[in-house]
DNA sequence: TTGGTATTACGAAACTCTTCGTATATTTGA
DNA sequence: TCAAATATACGAAGAGTTTCGTAATACCAA
């Protein structure tokens, strides 16, 4: 209790970097930058600075045992997704997850297989009650 | 074509004000401020400035025919919700609405009635295909 | 060894968001 | 009428984000 990190609110750039780390595992600044720079015009020191700030904020940890530091996300993708979703549910959808779900289903494509998985999940939820 | 407003990205304060206008209809700055200030310590001129900036950005329009201007949201709640959801689906959930839905259902409470509505919606979606 | 390359650290500029003080104009009521 | 209250406009400060230049340091190869 009381030991939880403040709720995550990564900026857009920070989320970009987190996603790279989630997908690729621990990385050097150079590695993150190569991936980052393949989608976006950006300087190396910009990537470095972003990651240093994220480290200072406690979003990333780093292994400094060699000169070239290795960075690691300190928050899991799943946890980050949950928190960002909670925030939008609270801020935009009056706290109603169901309202968000219906808005999402009503306006965004989902494959039959995905819809089937969702139905399955709904059944499990009902059985639990 | 090409006549669409840029995608909405209201700041937190702007979203607060939009919600007040969506729920209460067109308002003066004073009216918005009273509601705003009941939840938050904030000065009148701050509310005014926010609304002026939103007007400049094209988020709000205003009737200036009398000295006390009347502000109106230029975007519907439904459209704003869709756009914000699209953004988070794209940025956080790899573009998969289904992944967002499952994360939301898996971790946030929804009542039986709501779950039932969602199932109904799913059935409608399947029939449409 | 030493000069080039890669890395981190630092700081500052530009931009946005939020906040509010002050100035100015309008309305109102005593 | 005219002072008080109310409204808008304007500008600026402070915080956070993004950007990058420059400096200092470490590494490596010829």
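Chains as they are written, first to last, in the working numbering: chain A, 2 to 130; chain B, 2 to 130.
Ideal placement from N, C-alpha and C gives every residue a C-beta, glycine not left out.
Under a CB-based cut-off of 8 Å, is residue i close to chain B?
| i | result |
| --- | --- |
| residue 85 of chain A | yes |
| residue 21 of chain A | no |
| residue 41 of chain A | no |
If you check the beta carbons only, do residue i and residue j fall under 8 Å apart?
| i | j | result |
| --- | --- | --- |
| residue 70 of chain A | residue 64 of chain A | yes |
| residue 126 of chain B | residue 116 of chain A | yes |
| residue 102 of chain B | residue 30 of chain A | no |
| residue 98 of chain B | residue 89 of chain B | no |
| residue 21 of chain B | residue 33 of chain B | yes |
| residue 23 of chain A | residue 78 of chain A | yes |
| residue 106 of chain A | residue 123 of chain B | yes |
| residue 86 of chain A | residue 110 of chain B | no |
| residue 83 of chain B | residue 108 of chain A | yes |
Determine, for residue i, whether the minimum Cβ-Cβ distance to residues of chain A falls below 8 Å.
| i | result |
| --- | --- |
| residue 61 of chain B | no |
| residue 123 of chain B | yes |
| residue 98 of chain B | yes |
| residue 80 of chain B | no |
At 7 Å on the CB atoms, spell out the chain B contacts of residue i, in chain order.
| i | result |
| --- | --- |
| residue 108 of chain A | 83 |
| residue 126 of chain A | 106 and 116 |
According to DSSP, simplified to helix, strand and coil, what is residue i?
| i | result |
| --- | --- |
| residue 111 of chain A | coil |
| residue 88 of chain B | helix |
| residue 2 of chain A | In this prediction, residue 2 of chain A scores a pLDDT of 44, lower than 50, which makes its location untrustworthy; the coordinate-derived value is nonetheless stated afterwards. Note: residue 2 of chain A maps to coil in three-state DSSP. |
| residue 43 of chain B | coil |
| residue 9 of chain B | coil |
| residue 68 of chain B | coil |
| residue 22 of chain B | helix |
| residue 1 of chain B | Lying before the first or after the last residue shown, residue 1 of chain B is absent from chain B, which here runs from 2 to 130. |
| residue 75 of chain B | coil |
| residue 61 of chain B | strand |
Identify the contact partners of residue i in chain B, using a Cβ-Cβ distance below 8 Å as the criterion.
| i | result |
| --- | --- |
| residue 51 of chain A | The contacting residues do not exist; residue 51 of chain A stays about 16 Å from chain B at best. |
| residue 92 of chain A | 13 and 16 |
List the residues of chain A whose Cβ lies closer than 7 Å to the Cβ of residue i, in chain order.
| i | result |
| --- | --- |
| residue 76 of chain B | Going along chain A, no residue has its Cβ under 7 Å from residue 76 of chain B, so there is no contact; the nearest lies around 13 Å. |
| residue 119 of chain B | 99, 102, 103 and 123 |
Ignore the nearest five residues each way along the sequence and tell me which others in residue i's own chain have a CB closer than 6 Å to its CB.
| i | result |
| --- | --- |
| residue 73 of chain B | 27 and 62 |
Residues of chain A with a CB under 9 Å from the CB of residue i: which are they?
| i | result |
| --- | --- |
| residue 33 of chain B | Within chain A, no residue comes near residue 33 of chain B; the closest Cβ sits about 17 Å away, beyond 9 Å. |
Residue i: beta carbon under 7 Å from a heavy atom of the ligand NAP?
| i | result |
| --- | --- |
| residue 106 of chain B | As presented, the structure is devoid of all ligands, the ligand NAP included, so that no description of it is given. |
List the residues of chain B whose Cβ lies closer than 9 Å to the Cβ of residue i, in chain order.
| i | result |
| --- | --- |
| residue 101 of chain A | 82, 86, 101, 102, 105 and 109 |
| residue 89 of chain A | 85, 86 and 89 |
For residue i, collect the residues of the same chain with a Cβ closer than 8 Å to its Cβ; drop the 5 residues on either side in sequence, then sort them by chain order.
| i | result |
| --- | --- |
| residue 51 of chain B | 14, 15 and 18 |
| residue 96 of chain B | 90 |
Can you find the residues in the same chain that come closer than 7 Å, C-beta to C-beta, to residue i, ignoring five residues on each side of it along the sequence?
| i | result |
| --- | --- |
| residue 48 of chain B | 30, 33, 34 and 37 |
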